[in-house]
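Asks: Residue numbers (the numbering used here): 1178 to 1723. Where is the CB? At the ideal position from N, CA and C, for every residue including glycine. This is the structure I want to talk about, given as structure tokens.
Okay, here's the thing in structure tokens:
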């Protein structure tokens, strides 16, 4: 996909200029990229590519869901034979550095075949068989093998091998069963977690006495007792057609970096660690990341052959032993039960407030960081203790209550009792103070982490006199230093009100796009992070991760 939806509001990211813009009522992008006619972006006034409509799960192959009944499609005998032979395989936790370019090329070739022919089962089977065929460990004992050489030979043989030949050539590993005590199993599990760098899970295993409940009729019976049956007069919701979600390459990289160490993979054995190894080089992995994003979009649109569909459904693995599928809907969480009621309450509140200012205020308050100040511990030493005046102003801004009397500002604007003008006035005393306080806070955070920084460094960019707000002297990630620039866009500003009334954080997203384009030359050799926080606290997704 060349375009991707940033969120559900209609802001669209164009792959040429990497900027977010709204679409017109006819579906075309707004004109952008230049004030002079002929200098605009090639995506201006153009329609985005048609996004495949999401199929209902009941129409995907032979998989159908009716009320609480699930019928799984029959599995392919060839894939079952392969996974039965590779059940006892142990894969390498990491890819050797010398093998990463070759593995990246083979993986990109397989993904490209799937994208070009999405309904061809052999291409999907190659993707499922690739980790076990290439990354399996050599058996212990006998002649010593170089893992790099063995993996390279397997990669060379994988390209010209058919799927049928892969299944025939795979020799199963027979493990002799021996009784192992529970303490020995615990030691092995903890040692494995520590070797992978997942200290947190290792401590959880040592301190917890919980265990996985076996899938038996008694377990299902206990779930029935804890949760009431669905009412017989429950109204069925009419299915709504919706466009499938889409992701871009930046979101894929962010997800790969967000996985904790030691995260396991799917049935094929490919883990996030393997993908991080092949995408660690920013220059050589851009094509692979784009192919992974296109492959994820293909799965989200459910454009998958029925033969391979069951292997990409988590339900096939988790509930493979459950015989009574009617009670599958009982395994929901409290969060999922509360979500419809919360969404209904927010929708009613938005219906009662039709103006853009009220919608913007409600969208900002219900955002992730819009009400985080309520959870802060009041500590004077940390600067999180609010006096009565601050609390009065905060509540007045969020509840749209008058907090002052009308007057004429020094800039010539009429200040209304709601007090929104003071957050964006160019002559306001709090504008520069807010910017400096945030920059000082970031510098103190880096100092506590023993990372030396410089405020407003000079001669950092070869062309122009632009200076970011801060810069780390030592490398931050991937051998590159970090530069940041702080800005506080006003949520209620006229230039943002049409976007922020439909999506929380739209002003911060626009400001981040402007900062990225402003410091584009700096991002070639440094890691640039725009720190864009709206006056009502919403931010963009990238800053929340930072």
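Among 1628, 1285, 1458, whose alpha-carbon lies nearest the alpha-carbon of residue 1652?
Replies: Answer by Cα proximity: 1628.
Asks: Decide if the segment 1319-1328 is in contact with the segment 1271-1278; the criterion is three or more beta carbon pairs, one per stretch, under 8 angstroms apart.
Replies: Segments in contact, yes.
Asks: Is the Cβ-Cβ distance between residue 1363 and residue 1335 less than 7 angstroms?
Replies: For residue 1363 and residue 1335, no; Cβs fall outside 7 angstroms.
Asks: Could you pull the DSSP bridge partners for residue 1647 from this structure?
Replies: Residue 1647 is bridged to 1632, 1661.
Asks: Helix, strand or coil for residue 1396, going by three-state DSSP, please let me know.
Replies: If DSSP states are grouped into helix, strand and coil, residue 1396 belongs with the helices.
Asks: Between the Cα of residue 1289 and those of 1464, 1700, 1593, spot the shortest distance and give me the residue it belongs to.
Replies: Ranking the options by Cα distance to residue 1289, first place goes to 1464.
Asks: Any contact of the segment 1707-1719 with the segment 1661-1671, i.e. 3+ C-beta pairs under 8 angstroms?
Replies: Yes, the segment 1707-1719 is in contact with the segment 1661-1671.
Asks: By DSSP, does residue 1481 sit in helix, in strand, or in coil?
Replies: Coil, per DSSP.
Asks: Output needed for residue 1375: all residues of its chain with C-beta closer than 7 angstroms, excluding positions within five of it in sequence on either side, in chain order.
Replies: So the qualifying residues of the chain are 1437, 1438, 1439.
Asks: What is the rounded straight-line gap between the Cα of residue 1547 and the Cα of residue 1566?
Replies: Each residue's Cα considered, the two are about 19 angstroms apart.
Asks: Within 8 angstroms, do at least three Cβ pairs link the segment 1683-1694 to the segment 1616-1636?
Replies: Contact between the segment 1616-1636 and the segment 1683-1694 is absent, because fewer than three Cβ pairs lie under 8 angstroms.
Asks: Indicate whether the contact test is met: 3 or more Cβ pairs, each with one atom in the segment 1671-1679 and one in the segment 1643-1651, closer than 8 angstroms.
Replies: The segment 1671-1679, when compared against the segment 1643-1651, does not touch it at the 8 angstroms Cβ threshold.
Asks: Could you tell me the boundaries of the alpha helix (DSSP H) in which residue 1531 lies?
Replies: Unbroken run through residue 1531: none, as it is neither H nor E.
Asks: Residues in the same chain with beta-carbon distance under 8 angstroms from residue 1592, minus the five sequence neighbours each way, listed in chain order, please.
Replies: Closer than 8 angstroms at Cβ, skipping near neighbours: 1581, 1583, 1584, 1585, 1586, 1598, 1599.
Asks: DSSP three-state call for residue 1357: helix, strand or coil?
Replies: In this structure, residue 1357 counts as coil in the three-state DSSP scheme.
Asks: Could you pull the start and end residues of the alpha helix (DSSP H) that residue 1580 belongs to?
Replies: Residue 1580 -> no alpha helix (DSSP H), and no H or E assigned at all.
Asks: Which residue marks the beginning of the beta strand (DSSP E) containing residue 1707, and which one marks its end?
Replies: Taken as a continuous stretch (DSSP letters only), the beta strand (DSSP E) holding residue 1707 covers 1704-1709.
Asks: So, with DSSP's three-state summary, where would you put residue 1433?
Replies: Note: residue 1433 maps to helix in three-state DSSP.
Asks: Return the chain-ordered list of same chain residues with a C-beta closer than 6 angstroms to the C-beta of residue 1692, the five sequence neighbours on each side being excluded.
Replies: Excluding residues within five positions, the ones whose Cβ falls inside 6 angstroms are 1662, 1707.
Asks: Per DSSP, what are the beta-bridge partners of residue 1206 in this structure?
Replies: Paired residue(s): 1200.
Asks: Are the beta-carbon atoms belonging to residue 1331 and residue 1266 less than 7 angstroms from one another?
Replies: No, they are not a contact pair.
Asks: What does the alpha-carbon distance come out to for the pair residue 1717 and residue 1258?
Replies: Between residue 1717 and residue 1258, the C-alpha separation is close to 46 angstroms.
Asks: Does the contact criterion of 3 or more C-beta pairs under 8 angstroms hold for the segment 1335-1350 versus the segment 1524-1538?
Replies: Verdict: no, contact absent.
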